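Undergrad: Sharing a structure here in structure tokens format.
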Amino acid sequence: MTAVKSRFPTPALRALALAALVAGAPLAHAAVDTRASRYYEDALARYEKKDLAGAIIQLKNALQIDKNLLPVQVLLGRALLDSGDVVQAEVAFSEALRLGVNRAEVVVPLAQALVGQGKPDAVLNDHRFALDGLPRTTQYRLLLLRAGAAAEMADMRTALKAVDDARAIDATDAGSWIAEVPIRIRSRQLREALAAADRAVALAPRLADAHYARGEALHVVPDLRAALASYDKAIELDPGYVAARVARAGIYVDQNRLDAAQRDIAEVDKSGGADPRVLFLKAVVAERQGRAADARAALNEVTALVDRVPSQFLRYRPQTQMLGGLAHYGLGQREKARPYLEGVLRSHPGSPVAKVLASLYIADRNPDGAIDVLGKYTRANPGDAQALVLLASAHMAQGRHGRATQILQDALKQADQPQLRTALGLSLVGGARFGDAIKEFEAAFAKDPKSLPAGYALASMYVYAGQGRPAVRVAEAVNKAHPGNAGVLALLGSARRLAGDSAGARSALQAAVETDASLVAAHLGLARLEIDAGALPRAREHLDRALKLDANNTQALMTLAEVAERAGQLADAQRWLTRADEVAGPSSAAPALALVDFHLRHRQLDAAREAVASAIGKAPEAAPTSLAAARVALARGEAAAARSHLQRAATSAGYNVPLLRQIAALQLQAGAPQAAAHSLDKALDERPDDIPLLVLRTAADIQLGNLAAAEQRARRVLASQPRSGLGHALLGDVAAARGQRDAALAAYRQSHELERSSASLMRVFAAMAPRDTAGAMRLAEQWLASHPGDAVVWRALADTQINAGQLAAARRSYEALLKLRPDDADAINNLANILVQQNDPGALPMAERALAVAPAAPHIVGTVGWAAFKAGQTDRALQLLRDARLRDPSNGDTRFFLGSVLASLGRDAEAREELNAALAAGTGSQHRAKAQQLLARLK
């Protein structure tokens, strides 16, 4: 709700609040030029009257005043789309999304704009078109668009699945049956196509689209007479139906009824715009009538149109490619015809295609071409191990680690060589399959204990996996076999540090520097030891030495960023990480992943998503990349996308315990307990007594309803750590899941007696609050008397007080919280709402303070709008509340606020719509009665 975004006791509200805080969406809230609002309202009226040109002009006038007006961008996108300008429509809708519009408002027209540009893959793969979180009616429309997009990409299985999913939402609408027809036709399932078309006509006998779909099916059967009848009916219902007239003209041409064909072509010409299908038909008609010059002119018009079409559009338009190829061929332009015809062949895997010129790719230094050449060579020469290693290396250089792994595994079936196993291990590392990589390195090292590459790689992997003792054992063995090797000494120092031997680590690292002062890794290791000791200035000295040796060393830059962040120098930290990402190689995603972590820590979600995109571009198959993408998706409230990323991460992680632990924790947050259980079981196979893993596995069992197993694991944790409150807390969670509230509270109290932490107190508080709100508040107040710096408890107390209507007490608690966290947007917003209810003139400045911290949070935008209205700033209030409503149309309080403002302006029809939506969405109790009263007065 807009008035209060309580983070307790409902966990979902916390996630929603985080998802709302999208950084980087500038809003012109401080000073509003009312001319922009007037331009928008005039454009809205013009749009409703179908005056698209006038609406677009007025909307652009508004954007000249303020380019960040969200309602203007949304309406501009719709007007541009209706006018056929799909490219600019995409721009407007994308800008609206950047500004924070709720996806449901624009996702369908944005998909239409992309399909209109020939970008069906974007509709299927772009995260903006995820179904999760959309209203069912919007899901239905989007699914049909996705079905068409998949069909254009020749993915008929996905297309039919989308149709079935849409039909599961609404089986009575003809749209899903209409969408099925072209999919069945392309699959050569003509009987099913006709059946679907007949069903569409039965459901919607007055719908032109249904009759056109039936005509399409009959046209292919072919039953031209029946097809013509269906096209006739479609045109009778909609005389401006261009596709039906073009199809009918085609039949007329086939039947040599040229005069009838020309009449349909003339009607299509009246609609304006050039259609290559119509022009090609004109050429055919002219040729048959002996008008060679006219035919040639028409073919030239076809090529002029098709040649301008972007290649990505043609990729999914075999008919357009064929028209271009035939038109060029008809004009004698064979060199120009060939690419189009080859494109048609590429879209049909069963057809013959031209042979790739491998030597040309190599001469052009095209990495993908080189991989193609090597792939063909190794298929013809499967026993050439050197070529297979080279091919794998080429794939790894492009970030294609999965393919590299498969190549090397095939090679090992022919010859078990340490160099192959080491190369395989490296490819598995690149794909973040660390557990499998360790096994390959262990096998290579066992086969040749003096192998420096195998031993060094194995010790490095042990360090990465946090296994200090095995890392020291292998590193010391390698150091003994290769004495005086500075790199091995530096690795030994890292292994000893991990094993807790700081003195031994320093000794090895200093020996490495003495052996080779230019070894960057040794300086980095010494810097890490200083960071451990909290000696940041000395750490910076070592890092400066490292960067003097290698100014573009990404690890040094990332560590320097860590030092800067620990020192509170955030701008410097971001600058170092950005530089590291810029200088990293094309397959090195580590700096980008570090940037993701940095931006997430500081709630810069748009920047985090950009960093994830950089990481995916460099290491698309790596588990850490998928893990980072999942974390960003969760922060943005996109649970379905997060689950998909986590599934890929879990597959790639192998048996890497630290990674699996992280993946499982996020899977639980994303609502995928079964997947989390699978990840944890893999990790527990490696470390059966790991307490953090057992804790997460208990949580997974609770979510899955396996309460007996959960209790068994909780008692195992308690037996392992009887002096810790953790086991009792888990038993409390189990009791709570069983509905045993008294037992849960008792367990939480026992946990708190042992732990005496903020977390243990909050468990007790959460258990008490629903039944004994006053007692829970007393408990929090007692804790805060001795722990005044506990921001978590201050928030819980303040949220509970405001929900209990204790405004004065809640105000004091929020003020105390803001002394600890002055930039806490939700706390500022809630305090502003209290001030509004108290008629305090400081309400609007306080709300604006919240907006400055979180400029794109819908509930905060709504609070500022309501406070502005109460302060007499009606024009500004209207703009802000429209903005908030577009960002979160499900927020009942925002709809009530907007309805109230509209009613005050005499906009009764719009006001009624907003008030009805407010009541349907569930506005807060403090506003429900007022909404009902105002609605009754307006009726």
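Under our numbering, the residues of the sequence shown are numbered 1033 to 1971, in order.
Ideal placement from N, C-alpha and C gives every residue a C-beta, glycine not left out.
Values in this document were obtained by computation on a predicted structure and should not be read as measured data.
Roughly how many whole angstroms lie between the Cα atoms of ARG1680 and GLN1636?
TA: If you take the alpha carbons of ARG1680 and GLN1636, they lie about 25 Å apart.
Undergrad: Distance, Cα to Cα, GLN1706 vs ALA1497?
TA: Their backbone Cα atoms lie some 25 Å apart in a straight line.
Undergrad: Give every residue of the same chain whose Cβ lies closer than 7 Å to the Cβ of ALA1624, excluding the five residues on either side of it in the sequence, and list them in chain order.
TA: Contacts found: ASP1613, ALA1643, SER1646, ALA1647 and LYS1650.
Undergrad: Take GLY1056 and list the residues in its own chain whose beta-carbon comes closer than 6 Å to its own, dropping the five residues that flank it on each side.
TA: Note that GLY1056 has pLDDT 35, beneath the 50 cutoff, so the model's placement of it is unreliable and the number below is only indicative. Answer for GLY1056: ASP1638, listed in chain order.
Undergrad: Can you name, in chain order, every residue of its own chain whose Cβ lies under 8 Å from the Cβ of VAL1310, other than the five neighbours on each side?
TA: The residues are VAL1278, ALA1281, ILE1297, VAL1300 and ASP1301.
Undergrad: Taking 6 Å as the cut-off, does the CB of LEU1146 come closer than this to any heavy atom belonging to the ligand NAD?
TA: You won't find the ligand NAD in this model; it holds no ligand whatsoever.
Undergrad: Where does GLY1617 sit, in a helix, a strand or coil, going by DSSP?
TA: Coil, per DSSP.
Undergrad: Could you give the DSSP three-state label for VAL1233: helix, strand or coil?
TA: Here VAL1233 sits in helix by DSSP.
Undergrad: At 4 residues or longer, what runs of the alpha helix (DSSP H) sit wholly inside the segment 1270-1326?
TA: As far as the segment 1270-1326 is concerned, its whole alpha helix (DSSP H) runs of at least 4 residues are 1274-1286, 1290-1302 and 1308-1320.
Undergrad: Please report whether the beta-carbon of ALA1769 lies at a distance below 7 Å from any beta-carbon of chain B.
TA: Absent here is chain B; the protein component of the structure consists of one chain.
Undergrad: Within its chain, find whatever has a CB closer than 6 Å to the CB of ARG1249; leave out the 5 residues flanking it on each side and keep chain order.
TA: The sequence shown places Ala at residue 1249, rather than the Arg named in the question. Around ALA1249: VAL1213, ALA1225, LEU1226 and ALA1229.
Undergrad: Mapping the DSSP letters down to three states, classify LEU1850 as helix, strand or coil.
TA: DSSP places LEU1850 in helix when its eight states are reduced to three.
Undergrad: Given 8 Å as the limit, is there contact between the segment 1754-1762 and the segment 1782-1792, that is, 3 or more CB pairs closer than that?
TA: The answer is yes - the segment 1782-1792 touches the segment 1754-1762, with three or more Cβ pairs under 8 Å.
Undergrad: What are the boundary residues of the alpha helix (DSSP H) that includes GLN1120?
TA: Residues 1118-1131.
Undergrad: Helix, strand or coil for PRO1058? Go by DSSP, reduced to three states.
TA: Any reading at PRO1058 must be qualified, since the residue scores a pLDDT of 43, below 50, and its modelled position is unreliable; the value itself is stated next. Three-state DSSP puts PRO1058 in coil, outside helix and strand.
Undergrad: Could you tell me the distance, in whole angstroms, from the CA atom of VAL1253 to the CA atom of LEU1222?
TA: The alpha-carbon atoms of VAL1253 and LEU1222 are separated by roughly 6 Å.
Undergrad: Tell me the residue span of the alpha helix (DSSP H) that contains PHE1797.
TA: Residues 1790-1800.
Undergrad: Out of ASP1717, GLU1718, ASP1765 and GLN1699, which one is the CA nearest neighbour of THR1730?
TA: Residue ASP1765 is the option with its Cα nearest to THR1730.
Undergrad: Can you tell me which of the three DSSP states LEU1876 falls into?
TA: In this structure, LEU1876 counts as helix in the three-state DSSP scheme.
Undergrad: Comparing alpha-carbon positions, which option in ILE1097, HIS1677 and ILE1470 lies nearest ALA1665?
TA: When only C-alpha atoms are compared, the closest one is HIS1677.
Undergrad: Here's the rule I'm using: 16 or more other beta-carbon atoms within 10 Å means buried, otherwise exposed. How should ASN1861 be labelled?
TA: Buried: at least 16 other Cβ atoms inside 10 Å.
Undergrad: If you compare alpha carbons, which of ASP1831, ASP1872, PRO1820 and LEU1786 is closest to ALA1798?
TA: Nearest C-alpha to ALA1798: ASP1831.
Undergrad: When you compare each of GLN1838, PRO1481, THR1335 and TYR1488 to ALA1518 by their alpha carbons, which one comes out closest?
TA: Out of GLN1838, PRO1481, THR1335 and TYR1488, TYR1488 has the C-alpha closest to the C-alpha of ALA1518.
Undergrad: Measure the CB-CB distance between VAL1893 and ALA1857 and report whether it falls below 7 Å.
TA: No, these two residues do not count as a Cβ contact at 7 Å.
Undergrad: Would you identify the three-state DSSP class for TYR1072, choosing helix, strand or coil?
TA: Helix.
Undergrad: Spatial neighbours of ASP1548 within its chain, please: C-beta separation below 6 Å, excluding the five flanking residues on both sides.
TA: Within the same chain, ASP1548 has close Cβ partners ALA1518.
Undergrad: My assumption, with CB atoms under 8 Å, is that ALA1899 sits in contact with ALA1879. Please give the rounded CB distance.
TA: Confirmed, about 4 Å.
Undergrad: Tell me the rounded alpha-carbon separation between LEU1523 and GLY1434.
TA: When rounded, the distance between both Cα atoms is 28 Å.
Undergrad: I need the straight-line Cα distance from GLN1451 to LEU1440, nearest angstrom please.
TA: Between GLN1451 and LEU1440, the C-alpha separation is close to 10 Å.
Undergrad: Please tell me whether ALA1544 and LEU1551 are closer than 7 Å, where the distance is taken between their beta carbons.
TA: Yes, Cβ-Cβ distance for ALA1544 and LEU1551 is below 7 Å.
Undergrad: Have a look at ALA1583, SER1619 and LEU1632 and flag the residue whose alpha-carbon is nearest the alpha-carbon of TRP1608.
TA: With distances taken between Cα atoms, TRP1608 lies closest to ALA1583.
Undergrad: According to DSSP, simplified to helix, strand and coil, what is ARG1538?
TA: ARG1538: helix per DSSP, three-state reduction.
Undergrad: When the Cα of ALA1359 is compared with those of ASP1576, SER1343, LEU1313 and LEU1568, which residue comes out closest?
TA: Selected option, being the one with the closest Cα: LEU1313.
Undergrad: Which one of LYS1479, GLY1150 and HIS1243 has the shortest CA to CA distance from GLN1351?
TA: Comparing Cα positions, the closest option is GLY1150.
Undergrad: Under the three-state reduction of DSSP, which class applies to LYS1193: helix, strand or coil?
TA: In this structure, LYS1193 counts as helix in the three-state DSSP scheme.
Undergrad: I'd like the span of the alpha helix (DSSP H) that includes LEU1777, first residue to last.
TA: Note, LEU1777: alpha helix (DSSP H), 1773-1787.
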